[in-house]
Structures are given as structure tokens and as C-alpha cells.
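Remarks on the structure that follows.
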Ligand code: ADP
Ligand code: MG
């Protein structure tokens, strides 16, 4: 199991940003309405994610930290239509194998209840003791890669690592505008995003993260056909390219990078006169969970569509129609 944990750690835990992504996804899967992320030194020194979700029951605490223990699927069949963000059960185990991890959790509304679990590196069995915590879970990851110096050497400057964290945060925040999200770095609040519902919440969140100018200059997409729905905004860059890419595509709430999607987008832009221009977009595709396989790679954001042709053509025609309205 030691070797297995190391391999898993290599795959899932690349840098502080990957830890933040996994912990926040867990918080989202737990149904949290508020998630607070705190970092020190770009996350190399400390990453803390606090949520108000379901919490973890006492009997499941040890299990939560062991490899391939997930509460989210019961059988391989469930993999077919996985709805939660996590399902491999390796993020917590992999993280605790390469850090000093402390977890507090409480499943009850009694704030005097709760449990604390500590794990440190691969050698130590998690220790569980009673500790008060409000309903929900707090995970603290200290000294990432303290026991794997080779990996620690690969960490870049604080600024670079925090930049990666912020990008991971942006993706998660765009995916779930209904969840309140707070990001702090070295005790300074970098983002404080209230949760909001429906169209209004989505617009507000996008304006906060992409800039008002993006929304004002983008075309609205809202299409549904043959079990597929595409919503969001497409446009052209409003400012110089020092910004991150500003290309966000979500499938059932999960950010993805996909060649088929990229191709459909590029083709639509090309055919509506924006030849050679760099597209910017925030798009949300929803389809039946059975229609898409998310179990391709633990971190690479790849998916496989059951009916690739249908998805491609739907994307192309939806975007083509939206973009055509911007034609002078
Ligand atoms: P996965 O998310 O793939 O199931 P993880 O290693 O990320 O695997 O988490 C293991 C298990 O621990 C989860 O299945 C879940 O039951 C529990 N868990 C982890 N984080 C939280 C959290 N913030 N709130 C509630 N349960 C959690
Ligand atoms: Mg997880």
C-alpha cells in the first residue's frame, strides 16, 4: 500500500493547486453552501479548506483517508453515470501521504461534537480523537512534499504557485455560482464571492471573475435540443492577453479540456468571420450523465462523449447561431 499511495500521490498531487482542487471538490460533493480556502506561501506551507457540508461520520473517518475508499460510488456500474466530482477515493490518501494533514469534521448541528484526525506522511496511521467543530469539515494540509524532497524542488515561486491556485479557484467558482467561496492568501482576502442562484447568480459570478467587460461584449448562448443543453457566453477578448486564457467549458459542472469541444468552438468562430481571432467563452454543457464518461484520467480534465458526433454538431450549431448575431 505504501507504493500504491506514492503512485497515487504522484498522479493527483502535483502542486498546491491540485490539493486545493481536490479539497474544494470534496466540499462541493458534501453539499456545502460556503467554502473557505486559506493559503500561506502559495500553499506550500499551508492549505486549509473549511466547509459547511455534510461532514464525515466517525466510523468513516479512517476510511476517508485510505486509498480507494470513496463513499460516492458503490459499484463499478455507478461509474457509468457518476454525478459527484470525486469517485476514485484517492485524493485524501494521496495528499496525506505527502504532507501533514489534519482534518476536523462534524455531521451534527451540535458544535461541541466532532472529531479530529491527524495523518503525517506514509508511515503514520491516522489518529482520531474527539474535537469540537461546527457542522462540516475542515482539512489543513501543511508542508506539502515535506517527505518527498524531489517533488518539493519542483514547486515554483510563491507567486507562481498561488497563480495556479487562483486559476483552479476560478474554474471551481465558475462551475458553482450557487456556492459562497472565499480565497485568502497570507491573511489577505483575494476573492470573496457570495453564492447566488439562477441566471442572476451566474451573471454576477462571471462578472466577478471574468470582468464586467467580458459580459457586456459577449453573446448569450442558451440552446437545448436532443437531450443536450448549452448555456453561457461567447465573445472576443476585451483586453490584452496577459489574462489567463479565458476559455472555460464545463460539462455537468466539471471543467474540461477536450479536443472535440475545442474543434467545434474553433470551427464556429472561423465560420462566422472571426478568422484568426482568439475566442473567449464560459460555456456550460449539460447532458445525461450516462452520455459522458468522466473516468478517463484523474486530473487531465478529459471526457469521452458517448455520441461525439451529436455533441460536436450541437455545439457547433449553437455557437454559430450565437456568434452570427455579432456580425456587423
Ligand atoms: P473521493 O472524493 O474520490 O471519494 P477523496 O479521497 O477525495 O475521494 O475523499 C474520500 C472520502 O472522504 C469521500 O468519498 C467522502 O466520503 C469523504 N470526504 C472527503 N472530504 C469530505 C468533505 N469535505 N465533506 C464530507 N466528506 C468528505
Ligand atoms: Mg475527492
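Residue numbers (the UniProt record's numbering): 17 to 344. Each residue gets a CB set at the ideal place from its N, CA and C atoms; glycine is no exception. Fair warning: this is a prediction, and the values are worked out from it, not measured in the lab.
**Request:** May I ask you to check if the CB of residue 108 is nearer than 7 Å to at least one heavy atom of ligand 1?
**Result:** yes
**Cβ neighbours of residue 258 in the same chain (closer than 7 Å, five flanking residues each side left out)** = Summary for residue 258: the model assigns pLDDT 49, below 50, so the residue's position carries little reliability; its value from the coordinates is reported in the next sentence. Once the five neighbours on either side are set aside, residue 258 has no close Cβ partner at all.
**Item:** Helix, strand or coil at residue 141 according to DSSP, with G and I counted as helix
**Value:** coil
**Prompt:** Would the beta-carbon of residue 194 fall within 8 Å of that of residue 212?
**Reply:** yes
**Request:** Tell me whether residue 45 is buried or exposed, calling it buried when 16 or more other Cβ atoms sit within 10 Å of its Cβ.
**Result:** buried
**Item:** residue 176: first and last residue of the uninterrupted alpha helix (DSSP H) it sits in
**Value:** 174–191
**Prompt:** Is residue 268 near ligand 1, with its Cβ less than 7 Å from a heavy atom?
**Reply:** no
**Item:** Closest Cα partner of residue 72 within the set 305, 328, 123, 179
**Value:** 123
**Prompt:** residue 77 lies in the alpha helix (DSSP H); which residues open and close that run?
**Reply:** 77–80
**Prompt:** Whose C-beta lies closer than 6 Å to the C-beta of residue 280 among residues of the same chain, with five residues either side of it excluded?
**Reply:** 328, 331, 332
**Alpha-carbon spacing of residue 176 relative to residue 165, whole angstroms** = 19 Å
**Request:** Can you tell me which of 275, 111, 190 puts its alpha carbon nearest to the alpha carbon of residue 119?
**Result:** 111
**Prompt:** Mind checking whether the beta-carbon of residue 71 lies closer than 7 Å to any heavy atom of ligand 1?
**Reply:** yes
**Request:** Alpha carbon to alpha carbon, how far is residue 302 from residue 108? Give it in angstroms, no decimals.
**Result:** 28 Å
**Request:** Starting from the C-beta of residue 324, find all residues in its chain whose C-beta is less than 6 Å away, skip the five residues before and the five after it, and write them out in chain order.
**Result:** 276
**Per DSSP, the bridge partner or partners of residue 121** = 131, 153
**Request:** Just mark residue 145 as buried or exposed, buried being the case when its beta carbon has 16 or more other beta carbons within 10 Å.
**Result:** exposed
**Message:** By alpha-carbon positions, which one of 196, 65, 298, 274 ends up nearest to residue 320?
**Reply:** 274
**Message:** For residue 296, which residues in the same chain have their Cβ closer than 7 Å to its Cβ, ignoring the five residues on either side in sequence?
**Reply:** 230, 251, 252, 253, 262, 263
**Request:** Enumerate, from N- to C-terminal direction, the unbroken beta strand (DSSP E) stretches of 3 or more residues contained entirely within the region 197–283.
**Result:** 204–209, 235–241, 244–251, 263–267
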